[in-house]
Amino acid sequence: MMRRIRNFKPFSILALLTTLLIFSAAFPVPASALTEVEVTPINTPDGAVVLIVDGLSAPFIYPELTPYALDGTSLEKARLENIPEISEKSARILKLSVPQTFTEGGHSVLVTGNPDADSEFISFKDANIFDILRENGYLCIAVMEKGDSWSICAEQDAVLRDENNSIKNIKIVLEQNEHSGDCTVPSGLLQLMEEEADKAPGYVTSKETRERYNGYNRWGIETACSVVEYMEKNRPEQKYLLTVNVGAVDMSGHYRGNYGYIDCIESLDSELLPLYTLCEKNNLAFVLTADHGMAFSADGSKGGHQSEKYSGSDEAQLIPLIIYTQDVESGVIRGEFGQKDFAPTLLGILDIPDRPRFAKGEQILLTGHVNLKVLLPEKGTVELRKDGKTHGTAGNDDRFIFLGLEPEKSYTIRVELDSGKSLDVEEKEIFLETDSVIDFGEEGTGKEKSEYPSVESKEEISSAGVLGEENSFFGRKSSYLIGYILIGAINLAGFFIIMKILKKG
1 MMRRIRNFKP FSILALLTTL LIFSAAFPVP ASALTEVEVT PINTPDGAVV LIVDGLSAPF
61 IYPELTPYAL DGTSLEKARL ENIPEISEKS ARILKLSVPQ TFTEGGHSVL VTGNPDADSE
121 FISFKDANIF DILRENGYLC IAVMEKGDSW SICAEQDAVL RDENNSIKNI KIVLEQNEHS
181 GDCTVPSGLL QLMEEEADKA PGYVTSKETR ERYNGYNRWG IETACSVVEY MEKNRPEQKY
241 LLTVNVGAVD MSGHYRGNYG YIDCIESLDS ELLPLYTLCE KNNLAFVLTA DHGMAFSADG
301 SKGGHQSEKY SGSDEAQLIP LIIYTQDVES GVIRGEFGQK DFAPTLLGIL DIPDRPRFAK
361 GEQILLTGHV NLKVLLPEKG TVELRKDGKT HGTAGNDDRF IFLGLEPEKS YTIRVELDSG
421 KSLDVEEKEI FLETDSVIDF GEEGTGKEKS EYPSVESKEE ISSAGVLGEE NSFFGRKSSY
481 LIGYILIGAI NLAGFFIIMK ILKKG
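Each residue of the sequence shown is one higher than the last, beginning at 1 in UniProt numbering.
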């Protein structure tokens, strides 16, 4: 078992610590908290498990849909027990289509909310759900089998991944990645993940193809269960996202034909209930979806999804989305939705109004309530009113979130800064259809984040990754540019001082 930890060299750490000390002494930064106001009681999940079944096509598992081969022949569906039972307590999106019918594209769209995203896109600043969740105190963990995405793995605090990307020659490695944030991966969890990685080859030793494929997925599900059980017992206060990608269903479609494909789905279905039950018990959201579907040219043929021959079919484009949390209203959600809507919807059920930076998808409202985040340029007071009545007031902070608001209603936001400074806009009326973020710090305009211009090209995105939105510098207001220059100069001076000291030593 191999563990990879991406760390700075000792000298780099020394230089970094010294410059941080200089920075802290010369330019102390006031702490910024987030004040929560629960307008009506809600039950926010303590985290989420997102199960991505590589290549799972909705027509093969949804009772309302029928799978067809490209020649028009109707195909047999998977006979399921657990997924229908889970669906009874969940919200099930009937028609969710993908803009890209291949693994890298599907994973990229899922975590960014942008239909044109690719693996490079994920690495841009604040462009994915993992960045957003970490900013909100979440730990990001993943179990990624064959068909994983390198950029998604790089966004995890800890990830188990199949380095060989092979069911026959499985090699699970544990990787840690350093990210900004206060959360650290428990050493006990890392030890557990190492142990689960060592067990992986034992799941695929059978000489029978069917057993190897089913065992491969079983390892992913059972490892996910072990992670949830560890967090429940040892870190119950820590919110986290566990992303699980199982890869054998996709490979079954490619190499075992449509009958092997549905056999692998049925086997996976038989393994799901323990993971779902753990989520239900521990107030975790359970989410089942896919990166793309699978199509077959004829009954008994091998499948595909990426080539032009297959990519235009419903079987390749329609994927499932089943979401369970205690606050989600169960039932079938009809209408036309896109994979780009996944990221804002996931954050919505976790009561996080923030969105990935370049997301173009829209939140599918599943909880029956909406949330509002208000940002101020400095500490102040925010009052929220509806129909002339005050529904919440909070002060002495610059970030506020009002939870449990009634959707499809107009609210008035009134702000006042503690310093007595005036804002261009101090009162704003907003109609809340989904979660929203209002920023009074953008030159006092009270601008909704959803009103920001969208970025249309990768060239613009690359530029934005340096300058940031809202005329910011590395994600900060441009008015801080002089401060950054001064800080840089001080840090540089500190670096040369350290170099001299080391040379003398």
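Where is the CB? At the ideal position from N, CA and C, for every residue including glycine.
Proximity below 9 Å, CB of residue i to CB of residue j
{"i": "G293", "j": "A78", "result": "no"}
{"i": "L375", "j": "V39", "result": "no"}
{"i": "G247", "j": "K168", "result": "no"}
{"i": "Y324", "j": "I86", "result": "yes"}
{"i": "F60", "j": "E336", "result": "no"}
{"i": "T434", "j": "Q317", "result": "no"}
{"i": "P344", "j": "G361", "result": "yes"}
{"i": "T289", "j": "C140", "result": "no"}
{"i": "E196", "j": "T223", "result": "yes"}
{"i": "L192", "j": "V49", "result": "no"}
{"i": "residue 579", "j": "S180", "result": "There is no way to answer for residue 579, as the model of the chain reaches only from 1 to 505."}
{"i": "K421", "j": "R399", "result": "no"}
{"i": "I170", "j": "A200", "result": "yes"}
{"i": "L278", "j": "E232", "result": "yes"}
Cross-strand partners of residue i (DSSP beta bridge)
{"i": "Q191", "result": "The partner list for Q191 (beta bridge, DSSP) is empty, contrary to what the question assumes."}
{"i": "V111", "result": "Paired residues: none, contrary to the question."}
{"i": "T289", "result": "I52, L321"}
{"i": "Y203", "result": "According to DSSP, which records beta bridges pairwise, Y203 is partnered with nothing at all."}
{"i": "T35", "result": "F400"}
{"i": "F431", "result": "S410"}
{"i": "S436", "result": "L372"}
{"i": "F337", "result": "L96"}
{"i": "K389", "result": "K386"}
{"i": "G303", "result": "F296"}
{"i": "L405", "result": "V370"}
{"i": "A417", "result": "The sequence as given places Leu at residue 417; Ala does not occur at that position. For L417, which the question treats as bridged, DSSP gives the partners G380."}
{"i": "Y62", "result": "None; Y62 has no bridge partner."}
Length of the line joining the Cα atoms of residue i and residue j
{"i": "S450", "j": "V437", "result": "Confidence at S450 is low in this model, with a pLDDT of 48, below 50, so its placement is unreliable and no value can be given for it."}
{"i": "G304", "j": "G253", "result": "7 Å"}
{"i": "A91", "j": "E416", "result": "40 Å"}
{"i": "Y216", "j": "R414", "result": "55 Å"}
{"i": "S313", "j": "D291", "result": "15 Å"}
{"i": "L272", "j": "P320", "result": "15 Å"}
{"i": "W358", "j": "A127", "result": "Inspection of the sequence shows that residue 358 is occupied by Phe rather than by Trp. One C-alpha to the other measures close to 6 Å."}
{"i": "Y310", "j": "A69", "result": "10 Å"}
{"i": "Y203", "j": "R218", "result": "8 Å"}
{"i": "L268", "j": "E329", "result": "25 Å"}
{"i": "I221", "j": "E155", "result": "21 Å"}
{"i": "R212", "j": "K302", "result": "18 Å"}
{"i": "T44", "j": "D354", "result": "15 Å"}
{"i": "H107", "j": "G331", "result": "26 Å"}
{"i": "T103", "j": "I52", "result": "11 Å"}
{"i": "S149", "j": "I129", "result": "15 Å"}
{"i": "A298", "j": "C264", "result": "19 Å"}
{"i": "L94", "j": "G47", "result": "24 Å"}
{"i": "E459", "j": "S123", "result": "Because the pLDDT at E459 is just 38, under 50, the model does not fix this residue reliably, and the value given afterwards should be weighed accordingly. Rounded to whole angstroms, E459 to S123 spans 14 Å at the Cα level."}
{"i": "I349", "j": "K207", "result": "43 Å"}
{"i": "G380", "j": "A33", "result": "12 Å"}
{"i": "D250", "j": "R256", "result": "10 Å"}
{"i": "L190", "j": "D424", "result": "50 Å"}
{"i": "E76", "j": "N214", "result": "19 Å"}
{"i": "C183", "j": "L96", "result": "33 Å"}
{"i": "D327", "j": "T209", "result": "41 Å"}
{"i": "F121", "j": "T390", "result": "42 Å"}
{"i": "residue 515", "j": "P67", "result": "Not covered by the structure: residue 515. The range shown for the chain is 1 to 505."}
{"i": "S307", "j": "F296", "result": "12 Å"}
{"i": "T412", "j": "E426", "result": "10 Å"}
{"i": "N165", "j": "G137", "result": "31 Å"}
{"i": "R334", "j": "E64", "result": "11 Å"}
{"i": "L432", "j": "T367", "result": "14 Å"}
{"i": "N258", "j": "E266", "result": "12 Å"}
{"i": "residue 557", "j": "N245", "result": "Limits of the chain in this structure are 1 at one end and 505 at the other, which puts residue 557 out of reach."}
Where the alpha helix (DSSP H) containing residue i begins and where it ends
{"i": "F121", "result": "119-122"}
{"i": "K309", "result": "308-311"}
{"i": "E232", "result": "209-234"}
{"i": "S87", "result": "82-88"}
{"i": "P344", "result": "342-349"}
{"i": "G257", "result": "257-271"}
{"i": "E135", "result": "129-135"}
First and last residue of the uninterrupted beta strand (DSSP E) at residue i
{"i": "L242", "result": "240-246"}
{"i": "L139", "result": "139-144"}
{"i": "S97", "result": "91-97"}
{"i": "I333", "result": "331-333"}
> So does the stretch 330-349 actually touch the stretch 114-122, counting three or more Cβ pairs closer than 8 Å?
Replying inline: yes
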